[in-house]
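**Q** Mind looking over this structure? Questions follow.
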Amino acid sequence: MNKLIAIISLMTIIQISPGQSLKTVSYMDGTQELNGLVTANAGQRLLGVLILPAWKGIDNEARTAALELEKEGYIAFIADIYGKGNIPEDNASAAKLSGSYKNDYKAYRHRIALALEQLKKQGALPDKIAVIGYCFGGTGALEAARAGFDVQGIISIHGGLGKDKNRTNVPIKTKVLVQHPAEDQSVSGEDYDALVKELQEGNADWQIITYANSGHTFTNPESNEYNEVMAKRAWKHTLMFLEEVLK
2 MNKLIAIISL
12 MTIIQISPGQ
22 SLKTVSYMDG
32 TQELNGLVTA
42 NAGQRLLGVL
52 ILPAWKGIDN
62 EARTAALELE
72 KEGYIAFIAD
82 IYGKGNIPED
92 NASAAKLSGS
102 YKNDYKAYRH
112 RIALALEQLK
122 KQGALPDKIA
132 VIGYCFGGTG
142 ALEAARAGFD
152 VQGIISIHGG
162 LGKDKNRTNV
172 PIKTKVLVQH
182 PAEDQSVSGE
192 DYDALVKELQ
202 EGNADWQIIT
212 YANSGHTFTN
222 PESNEYNEVM
232 AKRAWKHTLM
242 FLEEVLK
C-alpha cells in the first residue's frame, strides 16, 4: 500500500504540479539525435544541475528530480545518453547498453559533455553547475569528476563505483558526494574501497553517506527496494550539497 501511495504521489508531481513542465530539447552527436528534457525556467540566468538518468534512460525518478530542483531555483536538464531509438525495453537490454558505455567511458563522457553544453545553452550559469546521477547515471557523475569537467560538484546516487583497474587515478578537482545504499548488491567491497583510495589519491573534497537497510534503487518510489525514510534523507542531503557548492 505504501508503495502504491508513493507511485500515485510521484505521478501527481509529474502531471499536475501547477506551472511546472519539462520541455524536450533536441541536440545531435554526429548523426545521432538526442532528446533531453529541461525545466520550464530555461532561458533565465540561473544555477544549473545536469541529471544523468538510470540504465533504462530518462525515467520518472529523473523527471521528478528535475521538477523538484526547479522549485529550488535551479535549471535542471536531463541528459539523453543513449539517443533516439535506443531505449532499453527490459533489464537485459538496459544492462547491455549501459555496459557498453561503462566499458567505453570516453563515449560516455562525450555524451555527458554534450549535455552540459545544452544545459549552458538553456541559461545555466557556466560557473555554477553540478551533476547528479542515478544508478548508471551515478557512474556517469563519477566519470564527470574523473574527466575534470568544469563543474562545481557531483552527486552519485546508488551509482556503480568501480572502474577498470588499468585506469590511472587522477586529481579530482570537483566536490564529490556519493550516496551509497548499505545493501547494494551491485557494488562490491573491492569497488567501494578502490573508490575511497581513488578519491584520496585524487586529493578530492569528498564524502560518502551510507544509508541503512537500503537496496540498490532505494530512492525510486517505483522500485521494490524503495526506502521512503532513507530516500527523503538522501534528497535533503542532495539539496544541502547543491546549496553549498552552487549558492
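Numbers 2 to 248, taken from my numbering, label the letters of the sequence shown in order.
Don't be surprised by glycine CBs; every beta carbon is placed ideally from N, CA and C.
Just so we're clear, the structure is a prediction, and the values are computed from it rather than from any experiment.
#1: Beta-carbon separation of Leu48 and Leu247 under 8 Å?
#2: Measuring alpha carbon to alpha carbon, tell me which residue in Ile76, Thr220, Glu245 and Met241 is nearest Ala41.
#3: State the Cα-Cα distance for the pair Asp60 and Pro54, rounded to the nearest angstrom.
#4: Starting from Ala55, trace the alpha helix (DSSP H) both ways and give me its first and last residue.
#5: How far does the beta strand (DSSP E) with Ser157 in it extend, from its first residue to its last?
#6: Just to confirm the assignment, what range does the beta strand (DSSP E) spanning Tyr212 have?
#7: When you compare only the Cα positions, how much space is there between Glu199 and Pro172?
#8: When the cut-off is 8 Å and only beta carbons count, does Tyr227 lie next to chain D?
#9: Count the other CB atoms within 10 Å of the CB of Asn104; is the residue buried (16 or more) or exposed (fewer)?
#10: Let me know the beta strand (DSSP E) ranges lying completely inside the segment 59 to 97, each 3 residues or longer, listed in chain order.
#11: Tell whether a beta-carbon distance below 8 Å holds between Gly44 and Val26.
#12: Going along the chain, which residues of its own chain have a beta-carbon closer than 7 Å to the beta-carbon of Ile8, five neighbours each way excluded?
#13: Please report the distance separating the alpha-carbon of Ala80 from that of Lys233.
#14: Give me whichever residues DSSP pairs with Ala125 in a beta bridge.
#15: Per DSSP, Ala146 is paired with what?
#16: Taking C-alpha atoms, which residue in Val132, Arg147, Glu118 and Lys72 lies nearest to Lys107?
#17: For the beta strand (DSSP E) containing Lys174, list its first residue and its last residue.
#18: Hey, out of Asn170, Ala114, Gln208 and Glu71, whose CA is closest to Ser22's CA?
#19: State the start and end residues of the unbroken beta strand (DSSP E) segment that holds Glu223.
**A** This is what the structure holds:
#1: yes
#2: Ile76
#3: 7 Å
#4: From DSSP, Ala55 is part of no alpha helix (DSSP H); its letter is neither H nor E.
#5: Gly154 to Ile158
#6: Trp207 to Tyr212
#7: 9 Å
#8: Here there is only one protein chain, and chain D is not present.
#9: exposed
#10: 75 to 79
#11: no
#12: At Ile8, the pLDDT of 45 sits below 50, so the modelled position is not reliable; the number obtained from the coordinates is stated separately. Once the five neighbours on either side are set aside, the close Cβ partners of Ile8 are Pro222 and Glu223.
#13: 24 Å
#14: Leu47
#15: BP columns for Ala146 are empty, so no partner.
#16: Arg147
#17: First-last for Lys174: undefined, no H or E at that position.
#18: Glu71
#19: Taken as a continuous stretch (DSSP letters only), Glu223 belongs to no beta strand (DSSP E), as it is neither H nor E.
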